[in-house]
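A.B. asks:
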Amino acid sequence: QSSGGCGEQRGDFINSLLTMGFSLSCLATIGISFPRGSFFQAPGIVDTFLIGRFILLAVMSLVFLGCLFLFLIYHLMEPVYAKPLHRS
115 QSSGGCGEQR GDFINSLLTM GFSLSCLATI GISFPRGSFF QAPGIVDTFL IGRFILLAVM
175 SLVFLGCLFL FLIYHLMEPV YAKPLHRS
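Heads up: the sequence shown at position 32 corresponds to 146 in our numbering, and the numbers run straight through without jumps.
Laid out in structure tokens, this is it:
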């Protein structure tokens, strides 16, 4: 019969931390021991679409800046109309 005190909860917490640490260290050891591919790869062309990607990025940046400019003009800088002056 357990009293459910603070010491018992602390022991459960420490046990769970130790179990999790041991599991993670086992997974890390397995991951290091069995690499996915060969260590040395044959040299080759890495990215054939590099220039096109930069052009696409530049065009999309210009479109974004144009949309932001139009948003600032037509939404944030809307004219605030004053109430008409009363004649006395």
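Ideal Cβ positions, reconstructed from N, Cα and C, are used throughout, including at glycine.
All figures in this text were calculated on a predicted structure; none of them were measured in a lab.
(1) Tell me where the alpha helix (DSSP H) around L179 begins and ends.
(2) Should Q115 be labelled buried (16 or more other beta-carbon atoms within 10 Å of its own) or exposed?
(3) Which of helix, strand or coil does DSSP assign to R124?
(4) Helix, strand or coil: how does DSSP classify A199 here?
(5) Below 8 Å, is the gap between the Cβ of L179 and the nearest heavy atom of the ligand ADP?
C.D. replies: Let me spell this out:
(1) L164 to F185
(2) Unreliable placement is indicated for Q115, whose pLDDT of 49 sits below 50; the coordinate value is still reported in the next sentence. It is exposed - the Cβ of Q115 has fewer than 16 other Cβ atoms within 10 Å.
(3) helix
(4) The sequence as given places Leu at residue 199; Ala does not occur at that position. Residue state, collapsed to three classes: coil.
(5) Of ligands this structure carries none, so the ligand ADP is not represented either.
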